[in-house]
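Structure first, then comments.
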DNA sequence: TGTTAACGTTTACAATGTCAACAATGGACG
DNA sequence: CGTCCATTGTTGACATTGTAAACGTTAACA
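Chains as they are written, first to last, in the numbering used here: chain A, -2 to 107; chain B, -2 to 107.
Below, the structure written as structure tokens:
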């Protein structure tokens, strides 16, 4: 049975990959999520989520050539596949539809 | 440690309660989610989620007087509390921020 | 050669999502 | 009355997703 919904974190990670385009690998994905919405997740969290999404066919990955300026391990770059994109669209539509017109969410008290 | 994020379903249920206002109990909550976004969840799913959210202090509930037109068991009505509202606002802001400006999500291929 | 920096992977567990099956309550109706 | 039906809530159990500590890999550079 194929996936029909995205978990909360899955959605965020997918969006981060889309934002990053060509430079989407673990570290920048985590950084993007932290920068944008202040959610500081461990690398492991990101990687495990990426691995699962790859199993589901939502994204695919490719190792970079081991040689990167400054040394360090090879990077695993991710791209969003069509099923992933479709699910992301549906999630966005679902949330938008559910909060559409809800005045209670407009302002913040904090 | 208080909750800082909402799960995907928790968020949807919270939004449904806000939409329903005074008439927010299990059955209409499930119906609202199904009507709006085509997600058909069992009553049990909704109730368990509501119970957990009540434990976290995100919502509160009150049983209706047992007498309702047409018989049946008493209803448990829900309201969203301040912490729940605050979290809902944050979730909305987080998703919006993450998908803001992403052209890939504008149109659907299906 | 061993330290350090930048990555990825494994393992394990906590939190959330999900439903089948069951229980409660009262109306209809013979 | 007792049985069936409609409406709602609850329990118990399990699948999926969220999360990080600890560990492995690679290469520059002291």
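No residue lacks a Cβ here, since even glycine has one placed at the ideal position from N, Cα and C.
Keep in mind that this is a model prediction, so the values were computed, not measured.
Below-8 Å beta-carbon distance, residue i vs any chain A residue
i: residue 15 of chain B; result: yes
i: residue 34 of chain B; result: yes
i: residue 85 of chain B; result: yes
i: residue 38 of chain B; result: no
i: residue 78 of chain B; result: no
i: residue 55 of chain B; result: no
is_contact[residue i, chain B] using C-beta, thresh 8 Å
i: residue 4 of chain A; result: yes
Whole-angstrom C-beta distance between residue j and residue i, which should lie under 8 Å
i: residue 51 of chain A; j: residue 58 of chain A; result: 6 Å
i: residue 40 of chain B; j: residue 24 of chain B; result: 7 Å
i: residue 94 of chain B; j: residue 43 of chain A; result: In fact, because the Cβ distance is near 18 Å, the residues do not count as touching under 8 Å.
i: residue 85 of chain B; j: residue 11 of chain B; result: 5 Å
i: residue 75 of chain A; j: residue 27 of chain A; result: Contact flag wrong, Cβ pair sits at about 12 Å.
i: residue 54 of chain B; j: residue 82 of chain B; result: About 12 Å separates the two Cβ atoms, so there is no contact after all.
i: residue 96 of chain B; j: residue 0 of chain A; result: Incorrect: roughly 19 Å between the Cβ atoms, too far for contact.
Counted within 10 angstroms of its Cβ, other Cβ atoms place residue i as buried (16 or more) or exposed
i: residue 103 of chain B; result: exposed
i: residue 29 of chain A; result: buried
i: residue 46 of chain B; result: buried
i: residue 48 of chain B; result: exposed
i: residue 100 of chain B; result: exposed
i: residue 72 of chain B; result: buried
i: residue 7 of chain A; result: buried
i: residue 16 of chain B; result: buried
i: residue 91 of chain B; result: buried
i: residue 13 of chain A; result: buried
In DSSP terms, what residue i is bridged to
i: residue 59 of chain A; result: A:74
i: residue 44 of chain A; result: Answer is none; residue 44 of chain A lacks a bridge partner.
i: residue 22 of chain B; result: B:74
Under 9 Å from the C-beta of residue i: neighbouring residues of chain B
i: residue 94 of chain A; result: 33, 34
Cross-chain neighbours of residue i in chain B, by beta carbon under 8 Å
i: residue 0 of chain A; result: None at all; the shortest Cβ gap to chain B is about 12 Å.
Cross-chain neighbours of residue i in chain B, by beta carbon under 7 Å
i: residue 91 of chain A; result: 34
Contact list for residue i against chain A, beta-carbon separation under 8 Å
i: residue 47 of chain B; result: Result: empty, since nearest Cβ-Cβ is about 16 Å, beyond 8 Å.
Any non-hydrogen atom of the ligand ZN within 7 Å of residue i CB
i: residue 81 of chain B; result: What this structure holds is no ligand at all, so the ligand ZN is not there to describe.
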